[in-house]
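Everything below concerns the one structure shown next.
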Amino acid sequence: MQMHSELDQKAIERAAEHLARGGIVAFPTETVYGLGADTFNPTAVEAVYRMKGRPRDNPSIAHVSGPEMAATLVQSWPAEAQQLAETFWPGPLALVLPRHPRVPAVACGGRDTVAVRSPDHPCARALLAACSCPISAPSANRSGHVSATTAEHVRDDFGDIRDLLILDGGPCAIGVESTVLALGSEPRILRPGQVSTEMLTSCIGKVIDTPLAVQGDSPGTSSRHYAPVRPLHLVRSSELVACLQDMESCAVLCCSATRIPGSCRAFPMPGDPDAYARCLYETLRRADACENMTRIVVECPPDSPGWGTIIDRLQRASGSPGVPA
Ligand code: TXA
Ligand code: MG
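Structure representation (structure tokens):
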């Protein structure tokens, strides 16, 4: 979305007024679309949980204009947080810190911590400037389903909701959700994202990269998440041909030149992780919508640098953290 025309600014102002009245606004960020409510309006935040069908104990990220606003939501704003914000904000990094009592518990899934993130999208930034309140926003998809990376995806999931205002800012540039980092005595990655372990380590020193299987501190990262409706099988590249012999009528997301049987439908994926991330959710949604296809098979991308976030999301979409079957 170009933020220069008067019309666009009017749409932003209308959306800010809607939030101020306790309404819900779907808005684009650089990662995925968010389903936002005023953080300080518990009724509006609860309405977002209801709309998504999201478990109440799964905390939402509070989107902020920058470190100053973030500091008002936490008990203290450590030097480490400031350093990370200066390096990676606006951008795809959410920081989890002890919550200030002024932040309603319902916005944080009842936890005593809050995740804060300053998004890098002109539309999200203009909205935050216009409403001057933090916006609590989970991803704009039905709970557990594939995240939305276009306004069309939001309409597909919530088109029946009359009061939802959707800001269309075009397709998201990154396409997968932010890195979530818990800042305690030992900073720990709760969800991998484009801001990698190496980037974080070079900024603040040691960062714990918790393996997926023992991940319990971030409810939204539990297994079977980010998932299409049809069963998804994540398959090693070397086993793809044999696997497809046993299965008929699959939608296949493939990244090698493997010949896909005629009964299946091929979705060739990019060989570059950034490009793959950008189209992953869009492709999963299209594969899921394929008529007569009973399942989705995904050829696992190489386990090499840059692919970690994608493999994480594919493992969760398949419902089986760990090595692909
Ligand atoms: O890129 C993103 O982060 C997108 C855009 C809209 O900003 N948002 C997003 O929100 O992915 P959601 O709610 O779908 O995922 C937020 C993740 C969940 O895994 C949640 O458990 C975790 O962040 N989280 C949020 N607050 C937390 C907290 N206080 N402690 C631990 N984990 C938290
Ligand atoms: Mg989500």
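According to my numbering, the sequence shown holds residues 2 to 326 in order.
Note that CB positions come from ideal geometry on N, CA and C, so glycine has one too.
What you are looking at is a predicted structure, and each value in this text was computed from that prediction instead of being measured.
Going by the C-beta, is residue i closer than 7 Å to any heavy atom of ligand 2?
i, result
"Glu178", "yes"
"Pro139", "yes"
"Ser148", "yes"
Comparing C-alpha positions only, which one of the options sits nearest to residue i?
i, options, result
"Ile312", "Thr44, Gln195, Asp113", "Gln195"
"Val97", "Val33, Leu85, Leu184", "Leu184"
"Pro139", "Thr30, Pro123, Arg279, Arg163", "Thr30"
"Arg112", "Ala95, Glu153, Pro79, Asn59", "Asn59"
"Pro56", "Gln84, Asp9, Ser144", "Ser144"
"Ser197", "Ala127, Ala45, Pro93, Gly67", "Pro93"
"Ser186", "Ser239, Pro99, Gly160, His122", "Pro99"
"Val181", "Cys132, Leu281, Thr310", "Thr310"
"Leu233", "Val242, Ala318, Cys265", "Ala318"
"Pro79", "Pro188, Val33, Leu235", "Pro188"
Would you say the beta carbon of residue i comes nearer than 7 Å to a heavy atom of ligand 1?
i, result
"Ala127", "no"
"Ile62", "yes"
"Val208", "no"
"Pro105", "no"
"Ala191", "According to the sequence provided, residue 191 is Leu. The question's Ala does not apply to it. Yes."
"Pro93", "yes"
"Ala116", "yes"
"Val298", "no"
"Thr73", "no"
"Cys330", "As shown, the chain starts at 2 and ends at 326. That puts residue 330 outside it, with no answer to give."
"Val46", "no"
"Thr211", "no"
"Val155", "no"
Just to confirm, are residue i and residue j a CB contact at a threshold of 8 Å?
i, j, result
"Gly37", "His64", "yes"
"Cys134", "Asp39", "yes"
"Glu81", "Ile205", "yes"
"Val155", "Ala27", "yes"
"Pro68", "Gln83", "yes"
"Ala127", "Ser66", "no"
"Pro105", "Val46", "yes"
If you follow the beta strand (DSSP E) that residue i is part of, which residue opens it and which one closes it?
i, result
"Phe268", "266-269"
"Phe89", "That residue, Phe89, is in no beta strand (DSSP E); its alpha helix (DSSP H) goes 80-89."
"Val346", "Look at the range of the chain in this structure, 2 to 326, and you will see that residue 346 is not part of it."
"Asp39", "35-39"
Which two residues bound the contiguous alpha helix (DSSP H) that contains residue i?
i, result
"Glu199", "198-205"
"Gly309", "309-319"
For residue i, decide whether its Cβ has a neighbour in chain B, counting only Cβ atoms nearer than 8 Å.
i, result
"Arg15", "Among the protein chains of the structure shown there is no chain B, as only one such chain exists."
Exercise for review: Flag this pair as touching only if the segment 43-51 and the segment 172-181 have three or more C-beta atom pairs under 8 Å; answer yes or no.
Suggested key: no
**Study point:** Sufficient close CB pairs (3 or more, under 8 Å) joining the segment 104-122 to the segment 70-86
**Key:** yes
Review point. Is the segment 283-298 touching the segment 241-252 in the sense that three or more CB pairs, one from each, lie closer than 8 Å?
Key: yes
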